[in-house]
Amino acid sequence: MFEWVRETETAMEHGVAALDPEVLDTETATQLVERFARIERLGAAGKAMAAGRVADSGAWRKEGDRSAAHWVARITRPRWVRRWQCSRPPPR
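With our numbering applied, the sequence shown corresponds to residues 114 to 205, in that order.
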(Lines of atoms letter the chains of each structure in order from A and count residues from 1; the text may use other names and numbers.)
(Lines give C-alpha, C1' and ligand atoms only; values in the text may rest on other atoms or scores of the structure.)
Protein backbone atom coordinates (compact mmCIF):
# COMPACT_ATOMS: atom_id res chain seq x y z
CA MET A 1 0.00 0.00 0.00
CA PHE A 2 2.82 2.40 0.78
CA GLU A 3 5.41 1.16 -1.68
CA TRP A 4 6.08 4.79 -2.59
CA VAL A 5 7.61 5.30 0.87
CA ARG A 6 10.09 2.45 0.31
CA GLU A 7 10.88 3.73 -3.17
CA THR A 8 11.45 7.25 -1.84
CA GLU A 9 13.67 5.92 0.95
CA THR A 10 15.77 3.93 -1.54
CA ALA A 11 16.06 6.91 -3.89
CA MET A 12 17.14 9.13 -0.99
CA GLU A 13 19.74 6.59 0.16
CA HIS A 14 21.24 6.37 -3.33
CA GLY A 15 21.11 10.12 -3.90
CA VAL A 16 22.74 11.00 -0.59
CA ALA A 17 25.40 8.31 -1.06
CA ALA A 18 26.28 9.83 -4.45
CA LEU A 19 26.30 13.41 -3.13
CA ASP A 20 29.75 15.01 -3.23
CA PRO A 21 29.62 18.33 -1.37
CA GLU A 22 33.08 19.27 -2.66
CA VAL A 23 31.74 19.77 -6.20
CA LEU A 24 28.56 21.68 -5.29
CA ASP A 25 28.37 25.32 -6.21
CA THR A 26 26.89 27.63 -3.57
CA GLU A 27 23.50 27.97 -5.27
CA THR A 28 23.06 24.21 -5.64
CA ALA A 29 24.14 23.63 -2.03
CA THR A 30 21.64 26.25 -0.85
CA GLN A 31 18.83 24.64 -2.84
CA LEU A 32 19.73 21.20 -1.50
CA VAL A 33 19.62 22.43 2.10
CA GLU A 34 16.17 23.91 1.47
CA ARG A 35 14.87 20.74 -0.19
CA PHE A 36 16.34 18.44 2.45
CA ALA A 37 14.74 20.60 5.14
CA ARG A 38 11.36 20.22 3.40
CA ILE A 39 11.86 16.48 3.07
CA GLU A 40 12.75 16.33 6.76
CA ARG A 41 9.55 18.19 7.72
CA LEU A 42 7.42 15.95 5.49
CA GLY A 43 9.03 12.86 7.01
CA ALA A 44 8.41 14.15 10.53
CA ALA A 45 4.75 14.79 9.70
CA GLY A 46 4.30 11.31 8.25
CA LYS A 47 6.11 9.75 11.19
CA ALA A 48 3.90 11.61 13.67
CA MET A 49 0.72 10.49 11.92
CA ALA A 50 1.80 6.85 11.79
CA ALA A 51 3.11 6.94 15.38
CA GLY A 52 -0.25 8.29 16.53
CA ARG A 53 -1.93 5.25 15.02
CA VAL A 54 0.57 2.91 16.72
CA ALA A 55 -0.05 4.69 20.04
CA ASP A 56 -3.83 4.46 19.69
CA SER A 57 -3.73 0.80 18.71
CA GLY A 58 -1.44 -0.31 21.54
CA ALA A 59 0.77 -2.14 19.03
CA TRP A 60 3.82 -0.84 20.91
CA ARG A 61 3.01 -3.26 23.77
CA LYS A 62 3.85 -6.25 21.55
CA GLU A 63 7.49 -5.19 21.51
CA GLY A 64 7.72 -4.82 25.29
CA ASP A 65 7.97 -1.06 25.49
CA ARG A 66 6.64 0.74 28.59
CA SER A 67 4.69 3.28 26.57
CA ALA A 68 4.05 4.48 23.05
CA ALA A 69 6.56 7.28 23.68
CA HIS A 70 9.24 4.75 24.64
CA TRP A 71 8.48 2.78 21.48
CA VAL A 72 8.80 5.89 19.29
CA ALA A 73 12.07 6.85 21.01
CA ARG A 74 13.51 3.37 20.50
CA ILE A 75 12.41 3.08 16.87
CA THR A 76 13.53 6.57 15.85
CA ARG A 77 16.86 6.55 17.68
CA PRO A 78 19.77 6.75 15.22
CA ARG A 79 21.54 3.45 14.56
CA TRP A 80 24.85 4.68 15.98
CA VAL A 81 23.14 5.43 19.31
CA ARG A 82 21.67 1.92 19.42
CA ARG A 83 25.10 0.40 18.68
CA TRP A 84 26.71 2.59 21.34
CA GLN A 85 24.11 1.61 23.93
CA CYS A 86 24.52 -2.09 23.11
CA SER A 87 28.29 -1.84 23.52
CA ARG A 88 28.10 -0.18 26.96
CA PRO A 89 28.24 -2.32 30.07
CA PRO A 90 24.91 -2.62 31.88
CA PRO A 91 24.26 -0.11 34.69
CA ARG A 92 25.02 -1.28 38.22
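All C-beta atoms, glycine included, are put in the ideal place defined by N, C-alpha and C.
Only a predicted model underlies this, so the values are computations on that prediction, with no experimental measurement involved.
Less than 8 Å divides the Cβ of residue 181 from the Cβ of residue 168. Note on geometry: alpha-carbon atoms of residue 135 and residue 185 lie some 35 Å from one another.
Take residue 119, set aside five residues on each side of it, and no residue of its chain has a beta-carbon closer than 6 Å to its own. Around the C-beta of residue 173, 16 or more other C-beta atoms lie within 10 Å, and the residue is accordingly described as buried. The three-state reading of DSSP puts residue 138 in coil, since its state is none of H, G, I, E or B. Ranked by Cα distance from residue 117, the first of 187, 156, 183, 171 is 156.
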